[in-house]
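First to last, the protein sequences are chains Y and P. Numbering of the first sequence is given in the numbering used here, commencing with residue 1 and proceeding in unit increments. Numbering of the second sequence is given in the numbering used here, commencing with residue 201 and proceeding in unit increments. First comes the structure, then the notes that go with it.
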Amino acid sequence: MPFNQLTHRITDQDIIDSLLKEGNDGKTGEELLFRQYIYFTDQAVNKYRFNDDEAFNIYADSILVAIDMIRKRSFEGRSSLKTWLHQIFHNKCVDLLRKKTSNKNSVHRVSSIPDRLLQMADTAKTIIQEMIDKTDKDLLLQKLQEVGENCRKILMQWADGFSDKEIAASLAYKTADVVKTTRLRCLEKLKQLYKANKTN
Amino acid sequence: MDNLEYIESYFKGDLSAQDKIKFEQKIVEEKDFAEEVSFYLSIRKVSAEELSAERERFREIYQQYKVNNEVIPKQPVLLRKMWQWAAAAAVLAGLIFGWYAWLRPVDPAALADKYIDDNFQELSVTMSSRLDSLQTALDLYNKGKQDQSLKILESLALQDSIAAEAKKYAGIVCLQMEQYDKAINYFSQLSSYSLYSNPGKFYQALTLLKRNQPGDKQQAKLLLEQVVQNDLDGKETAQEWLKKW
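Here is the structure:
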């Protein structure tokens, strides 16, 4: 179905109502929201000169944040969904632009373990690499789902290279310090969950 | 938690060179610590993959959008504005051209030039009682030997039987040689002949337009009006020119 036809029929309330439903209806709401303002990605390409992948990542992240906030009832409807989402999207564009310009980090490029291990001396590196290889990733992924939605979101943003300050802005935490404390607690909690299963 | 902060400091590059060595030594010496480091890195990777998977469920929608609405990267604002101005200028130029082409009065001299180019590049005999001489004159003209052609035509113009035809061609040759006064004289004489087909007045007007001296255009216009009114040779062309005058 052409996107413009779809977008003219769907109201903000339709999307919100759908997102607040459980199961497949909730998933439909997610897709509706994604489709509704997908043209924001054109702005990322045209205005900010991002490539298609970057535009997609930024928009998808904005949608994920928006979905999370709508489900937490953090969206109060004081502005339209479009205005509100655009603000999230714009902030993410600016964040990425700033990072690309200052070349300080490689946000939105999944930071691989080999990259991080490059910093390490050979002996320690070998030990860590062997331990990583033995890690039960499926179990870790399973525990990530169990650690709680807030933790999961924070950890995903952190893994994507966002600073605590940026995560605070993105996920509506009061300060970067709150994010840091929460994030470290989440890591600790996840570690305990993982270890508990491994010993069992 | 303390270990997690310590690990994070290492990977952020916040530790001094000496502390970095200590950190790596700790990995070698303490298995539990090494496990914590490996866990820190593993969870980071798994979380990144999880985020990637969350995004990916929208990928198909995005790709569909890209196919349906291929994004043409826009130019920077300044360049876009320049394009807008260029487009506006092009429209304006088009309007000016349209006005110039269709509405603006055409320079009669230009009409005369075109007529001469279209009709006088090569001449052919239409009728003659002394075909050989007239044909010779026109052949010479067609070969670019205008002087020799004119001499023959001037001599033929003295012979009554062929004078009108000779004067017509003599006027044309003079016109091409930019001897406008002589040409006007020949055409004027031609127009006084009572012929079935007499382009004298039209050619006279044509030559006046080419000479383009003060008053020539006005006189040419009067002659063209007479051509139309009297249904003389060149009437259709005269009508067309008068419309564009």
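Here a beta-carbon is modelled for each residue, glycine too, at the ideal position from N, C-alpha and C.
Between which residues of its own chain and residue i is the CB-CB distance below 7 Å, once the five residues before and five after are set aside?
i, result
"K401 (chain P)", "S391, L423, Q426, V427, L432"
"F223 (chain P)", "Y210, L215"
"D12 (chain Y)", "S80, L81"
"Q439 (chain P)", "V428"
"S397 (chain P)", "D433"
"Y194 (chain Y)", "L139, L140, K143"
"Y37 (chain Y)", "K82, L85"
"A363 (chain P)", "A357"
Note down, in chain order, each residue of its chain lying with its Cβ closer than 8 Å to the Cβ of residue i, except the 5 sequence neighbours on either side.
i, result
"M327 (chain P)", "Unreliable placement is indicated for M327 (chain P), whose pLDDT of 49 sits below 50; the coordinate value is still reported in the next sentence. Around M327 (chain P): E365."
"I88 (chain Y)", "S62, V65, A66, S170"
"F320 (chain P)", "I372, L375, Q376"
"E236 (chain P)", "N203, L204, I207"
"T182 (chain Y)", "N150, C151, I154, Y173"
"S324 (chain P)", "L338"
"I167 (chain Y)", "I154, Q157, W158, Y173, A176, V179, R183"
"N342 (chain P)", "E322, L323"
Starting from residue i, trace the alpha helix (DSSP H) in both directions and tell me its first and last residue.
i, result
"D122 (chain Y)", "122–134"
"G371 (chain P)", "363–376"
"V428 (chain P)", "416–429"
"K245 (chain P)", "231–268"
"F387 (chain P)", "380–391"
"S62 (chain Y)", "52–71"
"K143 (chain Y)", "137–146"
"T11 (chain Y)", "That residue, T11 (chain Y), is in no alpha helix (DSSP H); it is neither H nor E in DSSP."
"R35 (chain Y)", "23–36"
"P399 (chain P)", "Per DSSP, P399 (chain P) belongs to no alpha helix (DSSP H) and is neither H nor E."
"L204 (chain P)", "202–212"
"K435 (chain P)", "435–444"
"V45 (chain Y)", "40–46"
"Y315 (chain P)", "308–319"
"L171 (chain Y)", "164–171"
"R152 (chain Y)", "149–159"
"D347 (chain P)", "346–356"
Against residue i, what residues of chain B qualify as contacts under a CB-to-CB distance less than 9 Å, listed in chain order?
i, result
"A159 (chain Y)", "Protein chains Y and P are contained in the structure displayed, whereas chain B is not."
Using C-beta distances below 6 Å, list every residue in its chain close to residue i, excluding the 5 sequence neighbours before and after it, in chain order.
i, result
"T41 (chain Y)", "A55, Y59"
"D219 (chain P)", "none"
"A337 (chain P)", "S349, I352, L353"
"K435 (chain P)", "V427, V428"
"D14 (chain Y)", "none"
"K104 (chain Y)", "Because the pLDDT at K104 (chain Y) is just 47, under 50, the model does not fix this residue reliably, and the value given afterwards should be weighed accordingly. Counting only Cβ-Cβ distances below 6 Å, and skipping sequence neighbours, we find nothing."
Report the option in the options whose CA atom is closest to the CA atom of residue i.
i, options, result
"I132 (chain Y)", "P:K220, P:A234, P:T437", "P:A234"
"V179 (chain Y)", "Y:Y194, Y:D52, Y:R152", "Y:R152"
"S388 (chain P)", "P:Y396, P:E378, P:L406", "P:L406"
"L408 (chain P)", "P:Q284, P:E322, P:Q419", "P:Q419"
"N385 (chain P)", "P:R257, P:K345, P:Y396, P:A370", "P:A370"
"K165 (chain Y)", "Y:C186, Y:K92, Y:E22", "Y:K92"
"Y39 (chain Y)", "Y:L190, Y:K72, Y:L85, Y:Y194", "Y:L85"
"L118 (chain Y)", "P:G213, P:N203, P:E440, P:K231", "P:G213"
"T123 (chain Y)", "P:N430, P:I221, P:E436, P:L323", "P:I221"
"I70 (chain Y)", "Y:T182, Y:W158, Y:S18", "Y:S18"
"A44 (chain Y)", "Y:Q36, Y:N57, Y:S74", "Y:N57"
"R259 (chain P)", "Y:F34, Y:W158, Y:E146", "Y:F34"
"Q335 (chain P)", "P:Y315, P:Y403, P:L356", "P:L356"
"C186 (chain Y)", "Y:S163, Y:K143, Y:A168, Y:D160", "Y:K143"
"Q379 (chain P)", "P:A286, P:L295, P:N412", "P:N412"
"K417 (chain P)", "P:I296, P:G344, P:D307", "P:D307"
"A121 (chain Y)", "P:Q404, P:S238, P:V228", "P:V228"
"P399 (chain P)", "P:K367, P:A286, P:P414", "P:K367"
"R257 (chain P)", "Y:R73, Y:T28, Y:L193, Y:I15", "Y:T28"
"R255 (chain P)", "Y:L20, Y:H90, Y:G26, Y:D160", "Y:D160"
"I261 (chain P)", "Y:H90, Y:E30, Y:G26", "Y:E30"
"G148 (chain Y)", "Y:N24, Y:E22, Y:D68", "Y:D68"
"K72 (chain Y)", "Y:K21, Y:I10, Y:Q145", "Y:K21"
"V94 (chain Y)", "Y:Q145, Y:I10, Y:F162", "Y:F162"
Discussion item. Counting beta carbon pairs with one atom in the segment 186–199 of chain Y and one in the segment 91–101 of chain Y, are three or more of them shorter than 8 Å?
Written reply: no
Practice prompt. Kindly confirm or deny that the segment 77–89 of chain Y and the segment 121–139 of chain Y touch, where touching means at least three C-beta pairs closer than 8 Å.
Written response: no
Worksheet entry | the segment 136–143 of chain Y in contact with the segment 236–252 of chain P per 3-pair CB rule at 8 Å | yes
Discussion item. Would the segment 434–445 of chain P count as touching the segment 307–324 of chain P if we require 3 or more Cβ pairs under 8 Å?
Written reply: yes
Worksheet item: Any chance the segment 37–52 of chain Y sits against the segment 279–288 of chain P, with 3 or more Cβ pairs inside 8 Å?
Response: no
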